Structure formats: structure tokens, C-alpha cells
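Asks: Residue numbers (this note's numbering): 42 to 620.
This is the structure I want to talk about, given as C-alpha cells.
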């Protein structure tokens, strides 16, 4: 380039001399032209350097591009190959340059490549075809993407990209696998989310149902307390009605009058039946704090049947096979709830439309050291799928007909609290619930069985009868006065005053719940001041309505007589205590 520049300057000097200008003018013109040429030269040098750098950058980019690229001349020979192309073709770069590309392809792809080459150099802006590279490990399918270009020293050329279809397919497969795996994860997470949402909904529903059940339990507890209170208030008037009617019957018999016998018997019968209802009401109104005692299961079952008799009468026939069995230890109220629930469950299982075609059978029997109760209905039975879950909380087979699924769960809990076991069986003839309880061979009795009503001795025992219900107090005094010597006190304070004034009773009949001084309070005073007399007390009660009263009765259960009072049992208990 410097030699060209010197020649250019000599030509400029000659031209300036031929013009004929003064030497000084020629020099000034020459210097101006020379300065202009220097500026052009510097710009040209910079441009050439920039082109060199661009060419170097292009070559670097071409060589290290991750895509395999070849530069082909118009005959299809390889002018240049980058690193990726060398690796893909499996040959060294020196052996590739100058070779026809078809030499690296399968022979059957030569025609396809030739058509491709002609398309590129025939004026097409770009061309594509699919061929296979002949490799030692087997043919490699590639796609040729070519575009015409011009390469220095080679003239018209093409820039050709070799796309490895196998790698592209593998990449696409891997991408599909990742996509499939991601979709599976999304589906799994969606399922988990739906399950979680369903669990939350179920938990919310269960919580709502539990809240409803708790509210219902509170209402039932309030109702139970009210029932216990009503039963307590009913006992006293029923007791003096019965006692007064019996006294009237005795007087009529002594006077030989018989015209009112039927009326008196009707009064006693009605009062006795009302007394039975009150006793059953008190039984089912008690709570878990009721004392554990010996329980006559057939009697509890009869009470449960009595409570459900109206529904049973419209649904089925009842078969009672209640054999005499040993007592079991438990709370009568809770065992009563067990059988009411089982009977109700059987009623719901039997189709109301078939009415008297259905049958409910309840049997009791003794087996070794156990008391067994069977409750069988003639309903559709329990499916094999539902049978293992029948006692689980919130499980119900009633479906759209409602039901909380808590009844049988509560039944199992109450049976187990009594030391028993319950199982369900099913057949084509219906469902059967089998209950087993440990037998109590030595039954507990609150009072001895009545014996004859004759006085045990000629001496009339002194009784102190304490009750704030004046009609009952009067009836008791009149009824017991035929055999004993009763003294009446209408309050605990009056009874305490009699004792402090020197009255010495052989036995005290003491009502537990009284206005003013209660029976348990009077008994506590006697335990402090007259412990021997405190041991000669029989307690009368129409039912314990408080926890303290229940604890007191439990502590003295051997000396408790329940109202309404059976006169023969009362006399027998007094005779036994006087011994």
C-alpha cells in the first residue's frame, strides 16, 4: 500500500509541473491535495482494519457456532467447515476442505443433494432438503438449509447449515417427556388439591355437623335436667295418692264396704302407671355421673321398648324372649340409651310400607360368665362393604334419608364403658346386633325383698319421718302407723329440734331434697353430734338433680329408697334396718 502511495505522489508532482504555475503556487496546491489524500488514506486504513476485525469476528462466530455450518462452492465442494460441522461429519477439517459434500453422504442421497445444489445456485433465495451422513456408527439424518453467498477467492458460494434430525428428534422427545412429566405433576397436584379441597369441605361439613350435635347435646342435657326435675316433683304427689288410696282401701275393707273397691283400685292402678312412667323418665334423664350399679338388663330393655312402643306398633311385630339373667354392672341410664338407639336403628331400617310383615326380636341369655343380648330386625341387612365401618363415627347408610352417623358409634362407646362388647352381623333375613356383658353374680340391691307385713315384735318401733311435702308426710305417717310408732317432722330444722329435745327414734326416714335444711345437711350434723343415730337413717328421694346429690346417694346407696314409694318395700326395708 505504501508503494502505491509513493507512485501516486510522483504522478501528482508531474501534473503540478505541467500546469506551469509558479513554484510557490504549485507547492501550495500540492500540499492541499496531499493533505486531502492523507485524510482519505487514514479513513481507508481504518475501514480496512474494521473490515479485518469484522472478518475475524465472523470467522470466530462461524467456527464456534453450535450449529454445523459449511461453505460450499457452486460445484458442491466444501470451502470451509466449522467445528460443529467437523464433529457432525466425523472427519478432520483438512480432509473436508476441497471435498465434494456428496462424498460424506449416503450414495442414494447424491441425487437429492444435486437437486438441492442446483436450486441454491439457480436463483433461489434458500433451499432445504433431507439427506443422511454416512457414519461408521450408522447413517445420521440431517436437514440441509442453504442460502447463496459470495466467498473471497471462491466466488459464488452457499452457506449451508446441517441440522442433526436425530438430535433434534431426541431433543423434541426429551422436551415432550418433560412436558408430559410436567403435565403429570400438574395433574397430580391438581388431584391432590381437589382431594385437599374435598377433605376441607368434608372437615367443614363434619365440624358443622359436630357443632349441630353439640348444640343438640346441650339441648338434650337441658331437657334431661328438666325431665329429672319434673320426675322429682311428680314423685311426691304420686306417692301420697297411692298411700292415701291404699289407706282408704284398708279402711273400707275393715268396715266391710265393697262398693268403692273398683274405684280405689282404679286410682291405685292409674297412680302406679304414672309412677312407672316417672321412673322410666328419671332413668333416661340421668347423666354419666349416675352411680354404677347392678343393672337388670331385661328391665332396661322393657323400658326401652315402652319408650319406642308407638313407632314399633306401626312398623313391626315384637318378639320378646327376655330370659332371667344375672345382673350386669353399669349405669342404667346409659344402657337404656343403648337399647333405645338399637331399637330406633331397627325401626329406621325396616320399610314402613310393609308394616306388620316386619319383625323385631330381642333375646337375652346367659353364656358362661357373660350376659348376651341379641337385637335382630327383618330389614334389608347391612352390605358387606358397610359392615366393617358400621360403628365408625359419621358413617351412615341412610344416604339421602339423612342421619348423622353417630348413633352406633355412641352405642359402641356406651357398651364398652360398661365393660361389654358389641358386634354387627348381617344376612338376607336382616341385621343382628350381638351384645355381651360380664355377668355380676352377686347383684346389688338397694333394699331387701319384702317379707310378710307382720310386725317382727310386739314392740312398736319409734320412727322419725322427715319430709317437707305435708300430704306425703301425712300419708306415710298414716300408712306406717299400723305397725310402727311414727313421729312426723315437716323440715330438717324441726327434726333436729326434736332430737336435741331428747327424742330418740329407732329409725329415721329422711327426705333428701327439702326446702331450708336438706336431708344430707341434717345427716352431716348427726354424724358430728350423734354418729350412732346417723347410721340409723334411710333416705327417701325422688331423684338427684345435682352432682352433689348424686355423689351423696352413691356414697349411701345401700340405704336409699326411691320415690314413688312402694309401701310393702318400705315396710320390709324398715324391718330389715331395725334388726
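Glycine residues also receive a C-beta, built at the ideal position from the N, C-alpha and C atoms.
Just so you know, these numbers come straight off a predicted model, no measurement behind them.
Taking the C-alpha atoms as reference points, what is the distance between residue 206 and residue 142?
Replies: When rounded, the distance between both Cα atoms is 18 Å.
Asks: Could you have a look at residue 226 and say whether DSSP puts it in helix, strand or coil?
Replies: Helix at residue 226.
Asks: Applying the 10 Å Cβ sphere with the 16-neighbour rule, what's the burial state of residue 285?
Replies: Under this definition residue 285 is a buried residue.
Asks: If I follow the unbroken alpha helix (DSSP H) through residue 154, where does it start and stop?
Replies: Its alpha helix (DSSP H) spans residues 151-162.
Asks: Residue range of the beta strand (DSSP E) that residue 415 falls in?
Replies: Taken as a continuous stretch (DSSP letters only), the beta strand (DSSP E) holding residue 415 covers 411-418.
Asks: What would DSSP say about residue 117, mapped onto helix, strand or coil?
Replies: Reduced to three states, the DSSP call for residue 117 is coil.
Asks: Start and end of the beta strand (DSSP E) containing residue 526?
Replies: Unbroken beta strand (DSSP E) run through residue 526: 526-530.
Asks: Checking the sheet assignment: what are the DSSP bridge partners for residue 458?
Replies: According to DSSP, residue 458 bridges with nothing at all.
Asks: CB-CB under 7 Å to residue 604, same chain, minus the five flanking residues each way: which ones, in chain order?
Replies: Same-chain partners within the cutoff: 276, 277, 280, 581, 582 and 583.
Asks: Any contact of the stretch 112-119 with the stretch 199-218, i.e. 3+ C-beta pairs under 8 Å?
Replies: They touch, by the three-pair rule.
Asks: Express the C-alpha separation of residue 595 and residue 294 in angstroms, rounding to a whole number.
Replies: Going from the Cα of residue 294 to the Cα of residue 595 covers about 41 Å.
Asks: According to DSSP, is residue 196 helix, strand or coil?
Replies: Of the three classes helix, strand and coil, the one that applies to residue 196 here is strand, per DSSP.
Asks: Taking only the alpha-carbon atoms, compute the straight-line gap between residue 149 and residue 161 and give it to the nearest angstrom.
Replies: Their backbone Cα atoms lie some 20 Å apart in a straight line.
Asks: Let me make sure I understand the geometry here. Which of 169, 127 and 461 has the alpha-carbon closest to that of residue 338?
Replies: It is 461 whose Cα lies nearest to the Cα of residue 338.
Asks: Please report the straight-line C-alpha distance between residue 543 and residue 571, rounded to a whole angstrom.
Replies: In a straight line, the C-alpha of residue 543 is about 12 Å away from that of residue 571.
Asks: Hey, how far is the Cα of residue 573 from the Cα of residue 502?
Replies: Approximately 17 Å between the Cα atoms of the pair.
Asks: What are the start and end residues of the beta strand (DSSP E) that includes residue 402?
Replies: Taken as a continuous stretch (DSSP letters only), the beta strand (DSSP E) holding residue 402 covers 399-408.
Asks: Residues in its own chain within less than 6 Å of residue 241 by CB, not counting five upstream and five downstream?
Replies: None.
Asks: List the endpoints of the continuous alpha helix (DSSP H) containing residue 561.
Replies: It spans 560-570 - the alpha helix (DSSP H) in which residue 561 sits, taken as one unbroken run.
Asks: Within its chain, find whatever has a CB closer than 8 Å to the CB of residue 511; leave out the 5 residues flanking it on each side and keep chain order.
Replies: Taken in chain order, the residues that qualify are 531.
Asks: Please report the straight-line C-alpha distance between residue 611 and residue 340, rounded to a whole angstrom.
Replies: So the alpha carbons of these two residues sit roughly 21 Å apart.
Asks: Just the C-alpha distance for residue 138 and residue 172, rounded to the nearest angstrom, thanks.
Replies: Near 20 Å, if we compare the C-alpha coordinates of residue 172 and residue 138.
Asks: From residue 123 to residue 129, what distance separates their C-alpha atoms?
Replies: One C-alpha to the other measures close to 10 Å.
Asks: On the premise that residue 619 lies in contact with residue 547, defined as a C-beta separation below 8 Å, what is that separation, rounded to the nearest angstrom?
Replies: The Cβ separation is near 6 Å, so the contact holds.
Asks: Which value, in whole angstroms, describes the spacing of the CA atoms of residue 456 and residue 374?
Replies: Answer to the nearest angstrom: the Cα atoms are 12 Å apart.
Asks: Specify the secondary structure class of residue 219 as computed by DSSP and reduced to three states.
Replies: Of the three classes helix, strand and coil, the one that applies to residue 219 here is helix, per DSSP.
Asks: Based on the DSSP output, what are the partners of residue 478 in its beta bridges?
Replies: According to DSSP, residue 478 bridges with 412.
Asks: Using DSSP with H/G/I as helix, E/B as strand and the rest coil, what is residue 424?
Replies: Residue state, collapsed to three classes: coil.
Asks: Could you give the first and the last residue of the continuous beta strand (DSSP E) run that contains residue 675?
Replies: Past the boundaries of the shown model lies residue 675; the chain is included only from 42 to 620, so the question cannot be answered.
Asks: Identify, in the order they occur along the chain, each residue of the same chain with its Cβ nearer than 7 Å to the Cβ of residue 468, setting aside the five sequence neighbours on each side.
Replies: Closer than 7 Å at the Cβ level, and outside the excluded window around residue 468, lie 422.
Asks: Let me know if residue 414 comes out buried or exposed under the rule of 16 or more other beta-carbons within 10 Å of its beta-carbon.
Replies: Buried.
Asks: For residue 172, list the residues DSSP reports as bridge partners.
Replies: Answer is 183.
Asks: Assess contact between the stretch 362-379 and the stretch 400-411, defined as three or more Cβ pairs (one per stretch) separated by less than 8 Å. Is contact present?
Replies: Yes: at least three Cβ pairs fall under 8 Å.
Asks: For residue 89, does the three-state DSSP call read helix, strand or coil?
Replies: The answer is helix: DSSP assigns residue 89 an H, G or I state.
Asks: Output needed for residue 110: all residues of its chain with C-beta closer than 8 Å, excluding positions within five of it in sequence on either side, in chain order.
Replies: Counting only Cβ-Cβ distances below 8 Å, and skipping sequence neighbours, we find 103, 122, 123, 125, 126, 200, 201, 202 and 203.
Asks: Residue 542 by DSSP, collapsed to three states: which one?
Replies: Residue 542 falls in the coil class under three-state DSSP.
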